[in-house]
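Those protein sequences? They're chains A and B, same order as listed.
Count the first sequence with my numbering and you get residues 21 to 299, in order.
Count the second sequence with my numbering and you get residues 26 to 220, in order.
Here a beta-carbon is modelled for each residue, glycine too, at the ideal position from N, C-alpha and C.
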Amino acid sequence: MIEDAKEGHLLQPHEIEDLINVIKKLYGFDFSGYSKASLKRRLTRILQLKRLSFYDLKHLLINDKDFFQHFLEEVTVNVTEMFRDPLFYKAINNQVLPYLSTFQHVKIWSAGCSSGEEVYSMAILLKEAGLIKKSFVYGTDINTEVLKEAKKGIYSLRKIKSYAENYQYSGLPGTITDHFTILYDAATIHTELKQNTLFSVHNLISDNVFNEFQLISCRNVFIYFESALQEKILDLFYRSLCPLGFLCLGSKEAIRSDAFKKRFKTISSKENIYQKIGA
Amino acid sequence: MELNDDLKKRWHNSKVLLLGGSAGSFKILFRIIKTLPPDFGKTVIIVIHRKKNFFSEIEKLFGDHSRMYLREVCDKDPIQNNTIYIAPANYHTLIENKLQFSLDVSESVWYSKPSIDVTFESAAETFKGQCTAILLSGANQDGAQGLLKLRNEGSLTIVQNPANAEMADMPKAALNINAAELILDVEDIYQFLHI
Chain A
21 MIEDAKEGHL LQPHEIEDLI NVIKKLYGFD FSGYSKASLK RRLTRILQLK RLSFYDLKHL
81 LINDKDFFQH FLEEVTVNVT EMFRDPLFYK AINNQVLPYL STFQHVKIWS AGCSSGEEVY
141 SMAILLKEAG LIKKSFVYGT DINTEVLKEA KKGIYSLRKI KSYAENYQYS GLPGTITDHF
201 TILYDAATIH TELKQNTLFS VHNLISDNVF NEFQLISCRN VFIYFESALQ EKILDLFYRS
261 LCPLGFLCLG SKEAIRSDAF KKRFKTISSK ENIYQKIGA
Chain B
26 MELNDDLKKR WHNSKVLLLG GSAGSFKILF RIIKTLPPDF GKTVIIVIHR KKNFFSEIEK
86 LFGDHSRMYL REVCDKDPIQ NNTIYIAPAN YHTLIENKLQ FSLDVSESVW YSKPSIDVTF
146 ESAAETFKGQ CTAILLSGAN QDGAQGLLKL RNEGSLTIVQ NPANAEMADM PKAALNINAA
206 ELILDVEDIY QFLHI
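Have a look at this one:
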């Protein structure tokens, strides 16, 4: 099996299909609508890291339930940053929050929140705009392990410092460390920012509407989905937004389907911020 | 520069031109972009290393001076002929299939996102021997493995001559693993693209 891994075993399309079927049947997670180029890279990476052959991996998936949680964590991309694309946060601050401030309550959904960095970035933005007390930020992900990290709200100081430049470009006052309590190498998000957040498991592919939101942020999740699945999830977001609610996609993602272009108005084409219109 | 007919033929038959560069490659890429004609007859994909909060200044500069249609890759963009695509900062650019790109924000490769290896490897898997790839000046090893995969699939692989590259590490890394078929001086690269 080690030889196989060393060679960087190239998974064949039918082998990928095989794994997708096993996972769907045994665990209910449907990867069939995932972008194949990226999924193949993730699966190959797992084979190399664990020094497994395709058959070893299939065997483990079928026979080892604990392995699956770990597999899920590795196969999905959990790379995230606080204030990733700082100009996006600037645009939210200038173009969206003034509008949201007129609502009595502001409910925000960060879909595919991974270890929580985006949720807390939003919370900081809301706090600086004086809206945190009437706001609530929900973070969801399919991955229970990363949600545990998110709930803790504790990051390494080194990591938080690496977001200092992002924070500065976002135009917020002070520095990013102002929002954390620092003890040795651990930076804990301030309680005031954490208390109006909630993290829970939600699968964009199989779960449904669970609340009504003024803003949904789903950034760098669509890149892992094929176009048809993207549309299905756009529909879920459309139904989860209040009238004139906002949808934020990643900076290199876009609403492509004509049907949905009519149902969303573009607020910022550069930062991919849309507003729900129509019925 | 003397090229045999077989190499010329493979270059002319290439559907995709891949260009990878890091430190010391900007001026070369800029000059290439300025000279390629709008009816070049190939898809051009450029992966250049840069800082993540650089706010697309490279894209703007390239776009303003390109004679070919040029755009920064967006997720699920169609792959079209006579177009220059720039891999966006802070993403890896993958070839989803012959007709479509996809993006990925996973871990950096050789401290780089975009990584040249990722795009070159993905192009090798999809386009097999239909590419010509040129690896330019750079200060790390990104691109070498990708170039090797392209060569193994039958694509034409070229490195800038490390002897006169501003940063020799990247072309050298490719030569060390025998990933390049041709070693060209900068002036020869410009000439080659217009054969």
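Would you please state the rounded distance, in angstroms, between the beta carbons of residue i and residue j? I believe it to be under 8 Å.
i: Ile183(B); j: Leu218(B); result: That belief does not hold up - the Cβ atoms of Ile183(B) and Leu218(B) are roughly 10 Å apart, past 8 Å.
i: Val143(B); j: Phe126(B); result: Actually they are not in contact, since the Cβ atoms of Val143(B) and Phe126(B) sit about 12 Å apart, beyond 8 Å.
i: Ile144(A); j: His199(A); result: 5 Å
i: Phe233(A); j: Leu261(A); result: 6 Å
i: Gly49(B); j: Ala190(B); result: 6 Å
i: Ala207(A); j: Ile180(A); result: 4 Å
i: Leu31(A); j: Lys60(A); result: 6 Å
i: Val72(B); j: Ile120(B); result: Not confirmed; about 12 Å, so no contact.
Are the CB atoms of residue i and residue j nearer to each other than 9 Å?
i: His74(B); j: Ser91(B); result: no
i: Ser173(A); j: Gly136(A); result: The sequence given here places Gly at residue 173(A); Ser does not occur at that position. Yes. Within cutoff.
i: Tyr244(A); j: Ser52(A); result: no
i: Tyr258(A); j: Phe242(A); result: no
i: Thr68(B); j: Asn106(B); result: yes
i: Arg104(A); j: Asn163(A); result: no
i: Ile202(A); j: Phe156(A); result: no
i: Ile58(B); j: Met93(B); result: yes
i: Asp100(B); j: Leu128(B); result: yes
i: Leu43(B); j: Ala148(B); result: yes
i: Ile236(A); j: Ala111(A); result: no
Which word fits residue i, buried or exposed, when buried means at least 16 other C-beta atoms lie within 10 angstroms of its C-beta?
i: Pro139(B); result: buried
i: Ala188(B); result: exposed
i: Phe152(B); result: buried
i: Val95(A); result: buried
i: Glu27(A); result: Its pLDDT being 47, under 50, Glu27(A) is placed unreliably in this model, and the value from its coordinates should be taken loosely. Exposed, because fewer than 16 other Cβ atoms sit within 10 Å of the Cβ of Glu27(A).
i: Pro263(A); result: exposed
i: Lys272(A); result: buried
i: Asn158(B); result: For the record, residue 158(B) in the displayed sequence is Ala; it is not Asn. When all chains shown are included, Ala158(B) counts as buried.
i: Lys290(A); result: exposed
i: Asp227(A); result: exposed
i: His34(A); result: exposed
i: Ile196(A); result: buried
i: Gln250(A); result: buried
i: Glu37(A); result: exposed
i: Glu132(B); result: exposed
i: Ala205(B); result: buried
i: Pro196(B); result: buried
i: Tyr75(A); result: exposed
i: Thr122(A); result: exposed
i: Glu23(A); result: Residue confidence for Glu23(A) is low, a pLDDT of 41 falling below 50, so the modelled location carries little weight; the figure read from the coordinates is stated next. When all chains shown are included, Glu23(A) counts as exposed.
i: Glu212(B); result: exposed
i: Asp102(B); result: buried
i: Gln216(B); result: exposed
i: Glu146(B); result: buried
Following the continuous beta strand (DSSP E) through residue i, name the residue where it begins and the one where it ends.
i: Gln185(B); result: 181–185
i: Asn122(B); result: 117–122
i: Asp100(B); result: Careful: Asp100(B) lies outside any beta strand (DSSP E) and carries neither H nor E.
i: Gly159(A); result: 155–161
i: Ala206(A); result: 206–209
i: Val221(A); result: 217–221
i: Asp194(B); result: Counting along the chain, Asp194(B) falls outside any beta strand (DSSP E), though it belongs to the alpha helix (DSSP H) covering 194–201.
i: Ser135(A); result: Here Ser135(A) belongs to no beta strand (DSSP E), and DSSP marks it neither H nor E.
i: Val41(B); result: 41–46
Taking the alpha carbon of residue i as the reference point, which residue from the options has its own alpha carbon closest?
i: Leu86(B); options: Asn201(B), Leu32(B), Ile111(B), Ala149(B); result: Ile111(B)
i: Ile297(A); options: Ser226(A), Val221(A), Ala279(A); result: Ala279(A)
i: Asp31(B); options: Gly88(B), Gly179(B), Pro103(B), Ile104(B); result: Gly179(B)
i: Glu84(B); options: Lys76(B), Lys77(B), Leu95(B); result: Leu95(B)
i: Leu39(A); options: Leu63(A), Ser58(A), Leu30(A); result: Leu63(A)
i: Leu221(B); options: Ala164(B), Glu150(B), Ser162(B), Ala193(B); result: The structure shown has nothing for residue 221(B), since chain B only spans 26 to 220.
i: Gly154(B); options: Phe55(B), Gly168(B), Lys40(B), Ile202(B); result: Lys40(B)
i: Ala149(A); options: Asp227(A), Ser289(A), Gln115(A), Tyr294(A); result: Gln115(A)
i: Gly48(A); options: Cys268(A), Val126(A), Asn223(A); result: Asn223(A)
i: Leu177(A); options: Thr201(A), Ile196(A), Lys154(A), Asp205(A); result: Asp205(A)
i: Gly159(A); options: Lys181(A), Ile43(A), Asn216(A), Leu92(A); result: Asn216(A)
i: Leu92(A); options: Glu246(A), Leu80(A), Leu269(A); result: Leu80(A)
i: Ala164(B); options: Ala193(B), Val72(B), Ile109(B), Arg56(B); result: Ala193(B)
i: Tyr109(A); options: Tyr189(A), Tyr119(A), Leu218(A); result: Tyr189(A)
i: Ser134(A); options: Lys147(A), Tyr175(A), Val126(A), Ala170(A); result: Ala170(A)
i: Ala274(A); options: Ser260(A), Leu256(A), Ile293(A); result: Ile293(A)
i: Glu138(A); options: Ser182(A), Leu269(A), Glu101(A), Lys153(A); result: Glu101(A)
i: Ala169(B); options: Tyr116(B), Leu200(B), Leu181(B), Cys156(B); result: Leu200(B)
i: Ser162(B); options: Tyr116(B), Ile214(B), Val134(B), Val130(B); result: Ile214(B)
i: Asn98(A); options: Asn240(A), Gln295(A), Ile82(A); result: Asn240(A)
Output the boundary residues of the alpha helix (DSSP H) element that contains residue i.
i: Ile83(B); result: 82–90
i: Trp129(A); result: Careful: Trp129(A) lies outside any alpha helix (DSSP H), inside the beta strand (DSSP E) at 126–131.
i: Phe233(A); result: First-last for Phe233(A): 233–238, but that is the beta strand (DSSP E), not the alpha helix (DSSP H).
i: Asp278(A); result: 278–283
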